[in-house]
Amino acid sequence: MATMKINEKLMWIKLRNNLWIRRLCPAFLIIAILVTIIVPTWQVYTEESRQGTIVNYQDPNDRGESLFIQASVMDVDFTAKSYKIHFLLEPNGTLAGDNGVLSQNVTLSLYSMRSFQFPAGETMEPVEMIFNYDFGNDVDYPFDQYSGYFEIMAFASGNISATIPISFKLEASVTTYNFNPTLRQFGYTTDKIGLKIVAGRSTTTLGFSIFICILMWALSLVIALISYQVVIRGRRVDAHSTMLGITMLFALPALRSAQPGIPPVGCAADILGFYWNMAIIACAAVAITMCWAVRWRPEANDSLSITSIEECRCDESVTACGSDCPHEGTCRVEAIDIFDDEEATAVSSPNSQAGGCHTGRQY
């Protein structure tokens with residue numbers, strides 16, 4: 001007997017442990033999937049945000065003077081097709097006097113767009129310039145790419161042939177954007193350099209935009225499936241079912257706007273999903289609402305079909321028992337079935353007793 005109790009207790013403990021295992025396994029599986037997805041995404045994002053130096057150029061210099069230019073991409077606007085670069089200037093060698101001031105007048109030219117004059121005896125203040133992209137269009141979002149080009153040259157003021165060697169460094173760390181620069185050298189005859197910058201959407205932005213497109217397709221297909229079940233298969237529909245498609249119809253534009261940096265309606269992402277998703281959800285919502293309206297029938301509670309009256313008491317003003325009722329104040333009507341029929345007439349029941357009367361309707 002004791003052995004049986006011990007075995008039962010061990011079995012119970014084993015079943016309880018198995019129950020906990022069955023409950024925890026799905027949770028651990030979900031956590032593992034999330035970690036597998038989130039950790040690589042975070043690594044890609046941190047690498048993009050710390051992109052840092054993307055160009056580092058030093059011109060071979062044997063003249064003892066040079067100008068160090070550290071450029072940083074500050075802002076990008078694909079809609080306006082422009083980008084802003086901040087230039088930090090530092091004279092070196094014989095170009096720098098005491099305390100880092102210029103030893104001679106210097107002119108900095110940026111692709112013949114604008115020239116900056118720096119007089120001798122003063123420090124070189126930072127410069128900010130807004131450049132325009134030459135190629136690219138935001139209608140290709142999220143696969144759009146933009147290309148811009150500019151040239152930098154420094155020379156002694158008043159003598160454009162007396163160029164100054166340039167050391168150049170470009171940094172870019174703007175979220176949601178990716179940069180691919182190409183440096184152009186003009187040889188030893190001139191100290192001018194050119195820089196071509198190709199910019200596009202970052203990997204995380206591209207992946208999230210594609211995910212939003214897939215999500216909108218999934219939602220629209222689910223609504224279309226419900227519409228098919230309602231229209232073709234005769235699925236029961238109520239007011240809550242009609243609100244599902246209508247709510248989704250107004251929520252889809254907000255979901256589209258969640259894509260980072262998306263331009264106004266009309267880009268490639270809309271052609272791939274948004275237009276079709278809106279059309280599918282709109283048609284499905286109209287079909288579900290139409291079926292709800294057409295299939296409406298009065299409910300059983302809307303009209304009196306059968307009413308079972310167990311007991312009623314009538315007073316002197318009630319004439320349901322007729323004028324032969326001996327007890328006008330205590331008339332009892334028991335178990336009378338009344339049907340909603342205007343042609344029905346009341347007749348006396350053969351089971352009438354003293355002290356009360358029973359009536360019924362003949363159909």
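Heads up: the sequence shown runs through residues 1 to 363, numbered per this note's numbering.
We put the beta carbon where it would ideally sit given N, CA and C, even for glycine.
Terminal residues of the alpha helix (DSSP H) in which residue i lies
{"i": "Y133", "result": "Unbroken run through Y133: none, as it is neither H nor E."}
{"i": "V286", "result": "Y275 to V294"}
Residue burial classification, residue i (beta-carbon count within 10 angstroms, cutoff 16)
{"i": "Y177", "result": "buried"}
{"i": "S257", "result": "exposed"}
{"i": "N277", "result": "buried"}
{"i": "G261", "result": "buried"}
{"i": "F131", "result": "buried"}
{"i": "T94", "result": "exposed"}
{"i": "G64", "result": "exposed"}
{"i": "G158", "result": "exposed"}
{"i": "A32", "result": "exposed"}
{"i": "Q259", "result": "buried"}
{"i": "A154", "result": "buried"}
{"i": "D98", "result": "exposed"}
{"i": "Q353", "result": "Confidence at Q353 is low in this model, with a pLDDT of 42, below 50, so its placement is unreliable and the value that follows should be read with caution. Looking at its Cβ environment, which holds fewer than 16 other Cβ atoms inside 10 Å, Q353 is exposed."}
{"i": "E316", "result": "Residue confidence for E316 is low, a pLDDT of 45 falling below 50, so the modelled location carries little weight; the figure read from the coordinates is stated next. Looking at its Cβ environment, which holds fewer than 16 other Cβ atoms inside 10 Å, E316 is exposed."}
{"i": "T123", "result": "exposed"}
{"i": "T247", "result": "exposed"}
{"i": "L195", "result": "buried"}
{"i": "I38", "result": "exposed"}
{"i": "T307", "result": "Residue confidence is low: T307 scores 44 on pLDDT, short of 50, so the model does not pin down where it sits. Its coordinate-derived value is still stated next. It counts as exposed."}
{"i": "Y146", "result": "buried"}
{"i": "C28", "result": "The identity of residue 28 in the sequence shown is Phe, whereas the question assumes Cys. Under this definition F28 is an exposed residue."}
{"i": "G266", "result": "exposed"}
{"i": "T36", "result": "exposed"}
Residue closest to residue i, alpha-carbon to alpha-carbon, out of the options
{"i": "K192", "options": "E128, I281, F118 and Q58", "result": "Q58"}
{"i": "A71", "options": "I197, L215, Y133 and G136", "result": "I197"}
{"i": "A239", "options": "T289, P40 and S103", "result": "T289"}
{"i": "V230", "options": "N99, V294, L252 and Q117", "result": "V294"}
{"i": "S202", "options": "V76, L29, T247 and R184", "result": "V76"}
{"i": "W296", "options": "A279, R236 and P142", "result": "R236"}
{"i": "F274", "options": "C213, M74, E122 and I160", "result": "C213"}
{"i": "N180", "options": "D138, G148 and L225", "result": "G148"}
{"i": "D138", "options": "D270, V286 and A285", "result": "D270"}
{"i": "F392", "options": "A199, P165 and L34", "result": "Any property of residue 392 remains undetermined from this structure, which presents the chain solely from 1 to 363."}
{"i": "L67", "options": "I85, L89 and M74", "result": "L89"}
{"i": "V101", "options": "F87, G121 and L110", "result": "G121"}
{"i": "G200", "options": "L34, D140 and S227", "result": "D140"}
{"i": "P263", "options": "P40, F250 and P142", "result": "P142"}
{"i": "A162", "options": "L183, T205 and T190", "result": "T190"}
{"i": "L244", "options": "G207, A268, M216 and A285", "result": "A285"}
{"i": "L252", "options": "I226, G234, L215 and C283", "result": "L215"}
Start and end residues, beta strand (DSSP E) containing residue i
{"i": "S157", "result": "Unbroken run through S157: none, as it is neither H nor E."}
{"i": "I69", "result": "E65 to D77"}
Practice item. Note down, one range per segment and in chain order, each beta strand (DSSP E) of at least 3 residues found wholly within the segment 165–252. Key: 166–172, 177–185 and 193–201
Point to revise | Sequence ranges, beta strand (DSSP E) only - wholly within the segment 89–125, length at least 3 | key: 106–110 and 114–118
Check your understanding: Three or more C-beta pairs closer than 8 Å, one from the segment 166–180 and one from the segment 212–227: is that the case here?
Key -> The segment 166–180, when compared against the segment 212–227, does not touch it at the 8 Å Cβ threshold.
Practice item. State whether the segment 77–89 contacts the segment 127–143, with contact taken as three or more CB pairs (one from each stretch) at a distance under 8 Å. Key: yes
**Study point:** Any 3 or more C-beta pairs closer than 8 Å across the segment 90–106 and the segment 114–128
**Key:** yes
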